[in-house]
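J.: Pasting a structure here, questions to come.
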Amino acid sequence: MIEQNIVRIKQRISIACSKIGRKPEEIKLIAVTKNRSLEEIEEVIRAGITDLGENKVQEAFLKFDAQRAAQGAQRLKWHMVGHLQTNKAKDAVRIFDLIHSVDSLHLAQEIDKQAAKINKIQDILLEIKTSPEATKFGILPEEAIAIFKEAAQLNNIKVRGLMTIAPLVDCPEKARPYFKVLRELLSELNAGRQTQDAQRILSMGMTDDFEVAIEEGATMVRIGRAIFD
Ligand SMILES: *Cc1c(COP(=O)(O)O)cnc(C)c1O
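Quick note on numbering: the sequence shown equals residues 0 to 228 in the working numbering.
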């Protein structure tokens, strides 16, 4: 069932892309495996998924270790998509390839400090609160540019783009304005940038709204229920 679900999601991604002339290869499908078992994780990997999203550091750690023990050198990418407490930054930098949920300068500074200790440059996204009701966490759009500029000064983190969670709405079309805010904010960041490397990642879109997110420019979609339920 998981495999069929993934096939179906990939078809839906292709259709959404073809509507607006994007290429499906531009979209990274992240399987959000929070609360899912190791068996379920193995099934998504067998179905060709390479990117896993988790929302708790401790749970991710257990799965990371188990996965490594079972699969040896197999290369998976681990994404932190949930709220990260400052005191968990030390553990987070050890396993995550990309931390999507950096919601304050303080957290960015702590990740930088912990990444420096292990000689890592940690890729991060800034989580933007594009709606008041979706989550407690996130940087307000009007604060984003200033925080981005500060974060860009830190040596051991690299801001790769932006992430948002749209509010729960009764039809996916209603999530569009929030995705649009994120896309426009990313353009603004890139327009003002001083260096060569543009921020390119837009992490937005979940089970209920990923097609609309793709139409608005998502490069990563984070999907749980449509894969597992
Ligand atoms: C759980 C979760 C997802 C996946 O949500 P679904 O609706 O199950 O697809 C995506 N992003 C974040 C931040 C999550 O916590």
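Think of the CB as a built atom: it goes at the ideal place given N, C-alpha and C, for glycine as much as any other residue. Model, not experiment: these values are computed from the prediction.
Considering Asp122, what are the terminal residues of the beta strand (DSSP E) in which it resides?
T.: For this step, residue 122 is matched to residue 123 along the sequence shown. Residues Gln121 to Glu126.
J.: If I measure Cβ to Cβ from Ala217 and keep anything under 6 Å in the same chain, skipping five residues before and after, which residues do I get?
T.: For the purposes of this step, residue 217 is taken as the residue at position 218 of the sequence shown. Excluding sequence neighbours, Ala217 sits near Leu201, Met203 and Gly204.
J.: To the nearest angstrom, how far is the alpha carbon of Asp111 from that of Asn154?
T.: Within the sequence shown, the letter at position 112 stands for residue 111. Within the sequence shown, the letter at position 155 stands for residue 154. If I take the Cα positions, the gap works out to 7 Å.
J.: Quick check on the contact list: which residues have their beta carbon closer than 5 Å to a heavy atom of ligand 1?
T.: Val31, Asn54, Val80, Met205, Thr206, Arg221, Ile222, Gly223 and Arg224
J.: Thinking C-alpha only, which one of Lys89, Ile123, Leu139 and Lys9 is nearest Asp96?
T.: What you label residue 96 is simply residue 97 of the sequence shown in a count that begins at 1. If we check each option's Cα against that of Asp96, Ile123 comes out closest.
J.: Given a cut-off of 7 Å on the beta-carbon distance, is the pair Ala114 and Gln121 in contact?
T.: Residue 114 sits at position 115 when you count from the first residue of the sequence shown. Residue 121 sits at position 122 when you count from the first residue of the sequence shown. Yes. Within cutoff.
J.: Count the other C-beta atoms from every protein chain shown that fall within 10 angstroms of the C-beta of Thr85, then say buried if there are 16 or more, exposed otherwise.
T.: Reading the sequence shown from its first residue, position 86 is the one you call residue 85. By the neighbour-count criterion, in which a residue is buried when 16 or more other Cβ atoms sit within 10 angstroms of its Cβ, Thr85 is exposed.
J.: For Val56, which three-state DSSP category applies?
T.: The sequence position of residue 56 within the sequence shown is 57, counting from 1. DSSP places Val56 in helix when its eight states are reduced to three.
J.: Note the first and the last residue of the continuous alpha helix (DSSP H) segment covering Arg224.
T.: Walking along the sequence shown from the start, residue 224 turns up at place 225. Its alpha helix (DSSP H) spans residues Arg224 to Phe227.
J.: Using the Cα positions of Ile40 and Thr32, report the straight-line distance between them to the nearest angstrom.
T.: Along the sequence shown, read from residue 1 onward, the residue named residue 40 stands at position 41. Along the sequence shown, read from residue 1 onward, the residue named residue 32 stands at position 33. Rounded to whole angstroms, Ile40 to Thr32 spans 7 Å at the Cα level.
J.: Assuming the contact rule is C-beta atoms closer than 8 Å, Ile1 and Phe227 should be a hit. Round their C-beta distance to whole Å, please.
T.: The residue given as residue 1 occupies position 2 in the sequence shown. The residue given as residue 227 occupies position 228 in the sequence shown. The Cβ separation is near 7 Å, so the contact holds.
J.: If I measure Cβ to Cβ from Glu35 and keep anything under 7 Å in the same chain, skipping five residues before and after, which residues do I get?
T.: If you number the sequence shown from 1, residue 35 lands on position 36. Inspection of the sequence shows that residue 35 is occupied by Arg rather than by Glu. Excluding sequence neighbours, Arg35 sits near Phe227.
J.: Of all the options Gln10, Asn54, Gln3 and Thr206, which has the alpha carbon lying nearest to the alpha carbon of Trp77?
T.: For the purposes of this step, residue 77 is taken as residue 78 along the sequence shown, with counting starting at 1. Among Gln10, Asn54, Gln3 and Thr206, the Cα nearest to that of Trp77 is on Asn54.
J.: Given that a residue counts as buried once 16 or more other Cβ atoms are within 10 Å of its Cβ, and exposed if not, what is Ser100?
T.: If you number the sequence shown from 1, residue 100 lands on position 101. Buried, by the Cβ-count rule.
J.: Tell me the DSSP secondary structure of Lys157 in three-state form.
T.: Here the question's residue 157 lines up with position 158 in the sequence shown. Of the three classes helix, strand and coil, the one that applies to Lys157 here is strand, per DSSP.
J.: Which full runs of the alpha helix (DSSP H) of 4+ residues lie inside the region 47-121, going along the chain?
T.: 56-70, 88-94 and 104-116
J.: The alpha helix (DSSP H) that contains Leu28, what's its start and end?
T.: Here the question's residue 28 lines up with position 29 in the sequence shown. Segment Lys27 to Val31 is the beta strand (DSSP E) holding Leu28; no alpha helix (DSSP H) there.
J.: Just how far apart, CA to CA, sit Arg250 and Leu188?
T.: This structure cannot speak to residue 250, because the chain is shown only from 0 to 228.
J.: Rounded to the nearest angstrom, what separates Val180 and Gly137 at their Cα positions?
T.: Here residue 180 refers to the residue found at position 181 when the sequence shown is read from its first residue. Here residue 137 refers to the residue found at position 138 when the sequence shown is read from its first residue. Going from the Cα of Val180 to the Cα of Gly137 covers about 14 Å.
J.: Could you check what DSSP says for Asp201 in three-state terms: helix, strand or coil?
T.: Mapped onto the sequence shown, residue 201 falls at position 202. First, the amino acid is wrong: residue 201 is Leu here, not Asp. Note: Leu201 maps to strand in three-state DSSP.
J.: Report the rounded CA-to-CA distance for Ala68 versus Leu75, giving the unit in angstroms.
T.: Residue 68 sits at position 69 when you count from the first residue of the sequence shown. Residue 75 sits at position 76 when you count from the first residue of the sequence shown. Cα to Cα, Ala68 sits roughly 13 Å from Leu75.
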